[in-house]
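Peer 1: Could you have a look at this structure, given as structure tokens, before my questions?
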Amino acid sequence: AIINEGHDEL
Amino acid sequence: MNVFRLAGDLTHLLSLVVLLLKIVATKSCRGVSAKTQELYAIVFVTRYLDLLFSFVSLYNSVMKVVFLGSAFSIVYFMRYHKVVRHTYDRELDTFRSSFLVAGSMVLALLINSKYTFFEVLWTFSIYLEAVAILPQLVMLQRTGNIDNLTGNYVFLLGMYRGLYILNWIYRYSTERRYWQMIVWVSGIIQTALYADFFYYYLKCWNENRTLVIP
């Protein structure tokens, strides 16, 4: 999977 | 993942369980703002579009699906369930939520960290979440006596926001290169909106009487 752009919170 | 973040997420989850429980067990959504619930459904859809192309952790993905599912279930009950929909206080839920959507979209187009489709929609969801509780808070003021479950639902939502602020402070002091100004400013504004409610909630709880917002 592509690592997201830093949005690791809900 | 730290203890504040986990406690915040679990409190958020609990608030949704409490709301669904109230609706399903009492077959009533009295005092609950459908506008706020629809705004949350929009917030979750626009924020969790990244389910389709990014993976952070199994925990994150499962929670996103659960939040989406619960938000749409609540809207379904309030708008379409053959019994519950008749208990919706339409005339008390008159906040013009379309202004909140339009305002958040304009702000997201103006202030964002990257001008891409998904990033602008994500930023929009952050701004919209900050103000999505407003129709519910206005409705509580108009409702008079507020039942325990509805009061607890809003209290838990406010707790979740407070715990997220502690999570940011913790992360900022322990992680390098952790900086998300848009989220912080929106989150602090969002939490501040609950101040008034918290004051009356704790006051009534202290005096052991049902919640009334003057």
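These protein sequence lines map, in sequence, to chains A and B.
Here the first sequence is numbered in our numbering, starting from 4 and rising by one per residue.
Here the second sequence is numbered in our numbering, starting from 5 and rising by one per residue.
Don't be surprised by glycine CBs; every beta carbon is placed ideally from N, CA and C.
So which of B/Arg165, B/Ile115, B/Leu141, B/Cys33 has the shortest CA-CA distance to B/Met185?
Peer 2: Per the Cα distances, B/Ile115.
Peer 1: For B/Gln145, which option in B/Val21, B/Ala11, B/Leu24, B/Gly35 has the closest C-alpha, if you only look at C-alpha atoms?
Peer 2: Checking every option, the nearest Cα to that of B/Gln145 belongs to B/Gly35.
Peer 1: Starting from B/Trp209, find everything on chain A with Cβ-Cβ shorter than 9 Å and list it in chain order.
Peer 2: Near B/Trp209 there are no residues of chain A at all, since even the closest Cβ is about 28 Å away, more than 9 Å.
Peer 1: Give me the subset of the segment 186–202 of chain B whose CB atoms are less than 8 Å from a CB atom of chain A, sorted by chain position.
Peer 2: Here the close residues are Val187.
Peer 1: Using a cut-off of 7 Å between C-beta atoms, extract the partners of B/Thr93 located in chain A.
Peer 2: The sequence as given places Asp at residue 93 of chain B; Thr does not occur at that position. What B/Asp93 touches in chain A: nothing, since even the nearest Cβ is about 30 Å away.
Peer 1: Could you tell me whether the Cβ atoms of B/Gly12 and B/Tyr164 are closer together than 8 Å?
Peer 2: Cβ distance < 8 Å, so B/Gly12 and B/Tyr164 count as in contact.
Peer 1: Opposite B/Ile27 in the DSSP bridges: which residues?
Peer 2: DSSP, once it has assigned bridges, lists no residue as partnering B/Ile27.
Peer 1: Check whether the segment 120–131 of chain B and the segment 44–57 of chain B touch, using three or more Cβ-Cβ pairs below 8 Å as the test.
Peer 2: Judged by Cβ distances under 8 Å, the segment 120–131 of chain B makes contact with the segment 44–57 of chain B, as three or more pairs qualify.
Peer 1: Any idea what DSSP makes of B/Asn149, helix, strand or coil?
Peer 2: It is a strand residue.
Peer 1: State buried or exposed for B/Tyr32, treating a residue as buried only when at least 16 other CB atoms are found within 10 Å of its CB.
Peer 2: One detail in the question is off: residue 32 of chain B reads as Ser in this sequence, not Tyr. When all chains shown are included, B/Ser32 counts as buried.
Peer 1: How is B/Val60 classed by DSSP in three states: helix, strand or coil?
Peer 2: B/Val60 falls in the coil class under three-state DSSP.
Peer 1: To which residues of the same chain is B/Ile217 closer than 6 Å at the C-beta, ignoring the five residues directly before and after it?
Peer 2: Around B/Ile217: Leu144, Gln145, Tyr204.
Peer 1: Might you give, ordered along the chain, the residues of its own chain that have their beta carbon closer than 7 Å to the beta carbon of B/Val22, omitting 5 neighbours on each side?
Peer 2: Here the set comprises Leu153, Asn156, Tyr157, Leu160.
Peer 1: State the CB to CB distance for the pair B/Leu141 and B/Ser77, rounded to an integer number of angstroms; the pair is presumed to be in contact (CB under 8 Å).
Peer 2: Not quite, the Cβ-Cβ distance comes to about 22 Å (not below 8 Å), so this is no contact.
Peer 1: Put B/Val135 into one of helix, strand or coil per three-state DSSP.
Peer 2: Reduced to three states, the DSSP call for B/Val135 is helix.
Peer 1: Taking only three categories from DSSP, how would you classify B/Val87?
Peer 2: Here B/Val87 sits in coil by DSSP.
Peer 1: If we ignore side chains and look at the alpha-carbon of each, how far apart do B/Val110 and B/Arg94 end up?
Peer 2: C-alpha separation (whole angstroms): 28 Å.
Peer 1: Going by the beta-carbon positions, is the gap between B/Asp97 and B/Ala45 smaller than 8 Å?
Peer 2: Going by C-beta atoms, B/Asp97 is not nearer than 8 Å to B/Ala45.
Peer 1: Against chain A, does B/Lys68 count as a neighbour if the rule is that its beta carbon must be under 8 Å from one of theirs?
Peer 2: With 8 Å as the cut-off, B/Lys68 counts as an interface residue toward chain A.
Peer 1: How about B/Asp13: is its C-beta nearer than 8 Å to some C-beta of chain A?
Peer 2: It does: the Cβ of B/Asp13 has a partner Cβ on chain A nearer than 8 Å.
Peer 1: For B/Val36, does the three-state DSSP call read helix, strand or coil?
Peer 2: Here B/Val36 sits in coil by DSSP.
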